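Data first, discussion second: the structure below is written as structure tokens.
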Amino acid sequence: MKIHVQSRSGKPLGTLTLPNDADVPALKAAYAKQTPSMYVDRQRFYLPAVGGAKPVALGDRATLAAAGVADGGTVVFKDLGPQISWKAVFVLEYLGPLLIFPAFLLGQRAIYGRVTPPGSVAAEHQVALALAWALHYAKREFETLCVHRFSHATMPLGNLAKNCGYYWGFAAAVAYFAMHPLYTPASDAAYISGLVTFYFMEAGNMWCHFKLRALRPAGSTVRRIPMGGPFSYVSCPNYTCEIGAWVAFNVACPTVWGWAFAACGAAQMAVWAAGKHRNYRKEFDGKDGRPLYPRSRKALIPFIW
Amino acid sequence: MARGRLARAYLLLYNAAACALWAAAAARLATAPGGLGGAYAAAAPPIRAAQTLALAEIVHAAVGLGGGSPPLVAVQVLGRNLVLFGVLGALPAVAATRVAGALLAVWTAVEVVRYPYYLGGLVGVVPGALTWARYSAFLPLYPAGMAAEVGCYVAALPAIDAGGLYRVALPNAANFAFDFGTFVRAALPLYLYFGPALYVHMLRQRRRKLAA
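Each protein sequence line maps, in turn, to chains R and E. Quick note: the first sequence, position 231, residue 231 per UniProt numbering, numbers continuous. Quick note: the second sequence, position 210, residue 210 per UniProt numbering, numbers continuous.
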């Protein structure tokens with residue numbers, strides 16, 4: 001079949017010859033072959049808009065015929081802009097915090113002109129806190145490279161600066177005060193209970209990530225209901241653990257910027273958790289042989305929300 | 001925008017109160033002993049009341065009662081209140097300068113047109129001259145207000161530094177430090193960017209409103 005491609009303003013961008021049973025990925029591959037600068041990940045196709053209606057995007061699973069594109073038909077091409085892989089973004093955005101905290105500790109003399117009095121409680125806390133912070137991001141780097149299975153390959157390149165600015169900026173703001181020679185340490189009780197809870201939550205978070213990995217076979221986009229452990233109570237226990245870990249960190253290492261970072265992260269994860277929870281309930285509705293999502297399960301906070 | 005009767009009655013009351021307060025400010029400014037230097041001493045009470053009331057406009061924008069995007073309204077109201085309460089209210093010597101008086105005079109000149117315009121819109125009577133004034137007064141007043149606001153901060157900087165206004169120093173249990181003088185120096189260049197951007201936005205609105 002022959003498919004005409006046009007830009008959003010109606011400019012013709014060429015005609016592609018495809019097998020009659022071609023799907024959307026085949027269309028993208030063919031267009032990338034014709035216009036190599038537009039690699040597959042930065043392409044999106046739409047059906048031509050009828051009247052004032054919003055144009056309908058072509059999902060990757062559909063065949064062209066099923067989506068309503070016949071031989072001699074037209075599709076609209078949108079350039080999503082330069083793309084970068086999720087993996088690369090994650091590796092770079094976590095690299096900042098991973099290095100920034102230890103850098104403030106080891107570079108005290110250069111940054112503040114003096115060091116925390118050696119042997120003081122503050123000095124002792126700062127070593128353990130910098131280690132805890134760095135381990136958190138080392139864990140995230142490990143999970144990014146070896147555990148997570150990404151459902152999308154790429155995101156727009158512009159997101160890189162935004163994400164790095166968020167993580168690097170907050171890391172620098174928290175580290176500046178947490179590693180300051182005039183740092184006021186938490187009480188023994190807060191410090192010890194905070195750090196213990198922090199590592200417990202980190203372990204829980206990692207357990208959830210391995211569990212989620214096991215749910216999705218390599219190379220597939222299969223979706224299943226996660227079961228067992230904290231998943232019995234909430235849809236996103238990985239976020240519950242992550243938020244718990246940051247609250248615990250701030251108990252052990254009280255800074256205004258640290259609480260602000262935890263609040264921003266918690267707000268963002270609450271939005272994601274609400275979305276995932278809704279999708280689970282919608283997808284697993286118990287009809288037509290689909291499993292029913294456990295009705296008592298909450299989104300993020302056990303028994304409450 | 002569809003509004004319930006209760007919402008309309010509330011907005012009527014709100015805008016009438018704002019009109020009255022800014023009219024009082026105008027009257028006090030006109031008769032202020034000592035000219036611009038005495039403007040703050042004379043007109044501060046109604047202006048402080050009006051600007052406290054204006055905090056409600058952030059809520060209005062957030063719940064869709066008034067026009068404007070919530071972040072933009074918040075920046076405008078809080079930006080004004082920072083200089084009014086945070087600087088002039090805290091530093092009497094700066095409040096008695098001519099540039100502070102000029103700032104209050106410009107705000108008042110803007111608001112004695114803006115709020116009657118809103119009020120007129122609510123009751124459905126907006127004379128053409130009022131619309132014209134609403135979308136023309138800003139032409140000189142907006143740059144003048146910006147300049148006076150920046151002028152107030154510049155005039156206040158020595159006192160802010162010397163007195164350590166709002167300074168939070170380490171060590172403290174919250175492990176937090178803040179220096180208002182540094183904050184002001186970092187924020188002032190933003191006026192150079194956002195000032196012209198807002199002006200262009202209002203010029204575009206002017207063309208649209210006055211063409212109709």
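Note that the Cβ used here is the ideal one computed from N, Cα and C, for glycine as well. As the structure is a prediction and not an experimental result, all values here were calculated from the model.
Integer-rounded CB distance, given that residue j should sit under 8 Å from residue i
{"i": "valine 94 of chain E", "j": "alanine 155 of chain E", "result": "5 Å"}
{"i": "leucine 170 of chain E", "j": "alanine 177 of chain E", "result": "5 Å"}
{"i": "glutamate 141 of chain R", "j": "valine 91 of chain R", "result": "6 Å"}
{"i": "leucine 64 of chain R", "j": "valine 24 of chain R", "result": "7 Å"}
{"i": "glycine 258 of chain R", "j": "alanine 178 of chain R", "result": "7 Å"}
{"i": "threonine 97 of chain E", "j": "glycine 37 of chain E", "result": "7 Å"}
{"i": "alanine 273 of chain R", "j": "cysteine 241 of chain R", "result": "No, alanine 273 of chain R and cysteine 241 of chain R are not in contact; Cβ-Cβ is about 12 Å, not under 8 Å."}
{"i": "phenylalanine 198 of chain R", "j": "alanine 252 of chain R", "result": "7 Å"}
Span of the alpha helix (DSSP H) around residue i
{"i": "methionine 269 of chain R", "result": "256-283"}
{"i": "threonine 240 of chain R", "result": "237-252"}
{"i": "threonine 15 of chain R", "result": "Unbroken run through threonine 15 of chain R is the beta strand (DSSP E), 12-17; no alpha helix (DSSP H)."}
{"i": "alanine 197 of chain E", "result": "180-211"}
{"i": "serine 193 of chain R", "result": "188-215"}
{"i": "valine 154 of chain E", "result": "138-163"}
{"i": "residue 244 of chain E", "result": "Residue 244 of chain E is absent from the structure shown; chain E starts at 1 and stops at 212."}
{"i": "asparagine 20 of chain R", "result": "First-last for asparagine 20 of chain R: undefined, no H or E at that position."}
{"i": "arginine 114 of chain E", "result": "98-123"}
{"i": "tryptophan 133 of chain R", "result": "121-146"}
{"i": "alanine 110 of chain R", "result": "108-112"}
{"i": "glycine 286 of chain R", "result": "Per DSSP, glycine 286 of chain R belongs to no alpha helix (DSSP H) and is neither H nor E."}
{"i": "residue 225 of chain E", "result": "With chain E represented from 1 up to 212, any question about residue 225 of chain E goes unanswered, as that position is not in the structure."}
{"i": "leucine 130 of chain E", "result": "128-134"}
{"i": "leucine 64 of chain R", "result": "64-67"}
Selection from the options that minimises the alpha carbon distance to residue i
{"i": "glutamate 139 of chain R", "options": "R:Phe104, R:Glu202, R:Arg290 and R:Asp23", "result": "The residue you asked about is not glutamate; residue 139 of chain R is lysine in the sequence shown. Of R:Phe104, R:Glu202, R:Arg290 and R:Asp23, the residue nearest in Cα terms is R:Glu202."}
{"i": "serine 120 of chain R", "options": "R:Tyr183, R:Leu135 and R:Glu283", "result": "R:Tyr183"}
{"i": "leucine 78 of chain E", "options": "E:Gly66, E:Ser69, E:Leu65 and E:Ile58", "result": "E:Ile58"}
{"i": "asparagine 238 of chain R", "options": "R:Ala189, R:Val196, R:Lys287 and R:Ala299", "result": "R:Ala299"}
{"i": "arginine 185 of chain E", "options": "E:Asn172, E:Ala23, E:Ala162 and E:Leu157", "result": "E:Leu157"}
{"i": "alanine 173 of chain R", "options": "R:Gln6, R:Ala122, R:Val271 and R:Gly96", "result": "R:Gly96"}
{"i": "tyrosine 199 of chain E", "options": "E:Gly37, E:Leu21, E:Leu84 and E:Leu141", "result": "E:Leu141"}
{"i": "methionine 14 of chain R", "options": "R:Val75, R:Thr255 and R:Pro48", "result": "Here residue 14 of chain R is glycine; the residue named in the question, methionine, does not match the sequence. Comparing Cα-Cα distances from glycine 14 of chain R to each of R:Val75, R:Thr255 and R:Pro48, the minimum goes to R:Val75."}
{"i": "leucine 80 of chain R", "options": "R:Ala270, R:Asn250 and R:Asp41", "result": "R:Asp41"}
{"i": "alanine 218 of chain R", "options": "R:Val147, R:Trp168 and R:Val247", "result": "R:Val147"}
{"i": "glutamate 93 of chain R", "options": "R:Ala128, R:Ala190, R:Thr144 and R:Leu58", "result": "R:Thr144"}
{"i": "tyrosine 31 of chain R", "options": "R:Tyr176, R:Ser9 and R:Phe77", "result": "R:Phe77"}
Residue range of the unbroken beta strand (DSSP E) whose run includes residue i
{"i": "glycine 158 of chain R", "result": "Element bounds for glycine 158 of chain R: not the beta strand (DSSP E) but the alpha helix (DSSP H), 158-178."}
{"i": "phenylalanine 45 of chain R", "result": "43-46"}
As assigned by DSSP and simplified to three states, the class of residue i
{"i": "serine 85 of chain R", "result": "strand"}
{"i": "threonine 74 of chain R", "result": "strand"}
{"i": "aspartate 79 of chain R", "result": "strand"}
{"i": "histidine 4 of chain R", "result": "strand"}
{"i": "threonine 221 of chain R", "result": "coil"}
{"i": "alanine 57 of chain R", "result": "strand"}
{"i": "methionine 1 of chain E", "result": "Only weak support exists for where methionine 1 of chain E lies, its pLDDT of 46 falling under 50; the value from the coordinates is given anyway. Note: methionine 1 of chain E maps to coil in three-state DSSP."}
{"i": "lysine 298 of chain R", "result": "strand"}
{"i": "leucine 88 of chain E", "result": "helix"}
{"i": "valine 75 of chain E", "result": "helix"}
{"i": "leucine 292 of chain R", "result": "strand"}
{"i": "leucine 12 of chain E", "result": "helix"}
{"i": "valine 40 of chain R", "result": "helix"}
{"i": "alanine 94 of chain E", "result": "Strictly speaking, residue 94 of chain E in this sequence is valine, with alanine absent from that position. Valine 94 of chain E: helix per DSSP, three-state reduction."}
{"i": "valine 50 of chain R", "result": "coil"}
{"i": "serine 234 of chain R", "result": "A small correction: the amino acid at residue 234 of chain R is valine; serine does not occupy that position in the sequence shown. Three-state DSSP puts valine 234 of chain R in a strand."}
{"i": "serine 9 of chain R", "result": "coil"}
Below-7 Å beta-carbon distance, residue i vs any chain E residue
{"i": "phenylalanine 177 of chain R", "result": "yes"}
{"i": "leucine 16 of chain R", "result": "no"}
{"i": "valine 115 of chain R", "result": "no"}
{"i": "leucine 182 of chain R", "result": "yes"}
{"i": "valine 256 of chain R", "result": "yes"}
{"i": "proline 294 of chain R", "result": "no"}
Test: residue i CB closer than 7 Å to a CB of chain R
{"i": "leucine 170 of chain E", "result": "yes"}
{"i": "phenylalanine 176 of chain E", "result": "yes"}
{"i": "alanine 173 of chain E", "result": "yes"}
{"i": "phenylalanine 180 of chain E", "result": "no"}
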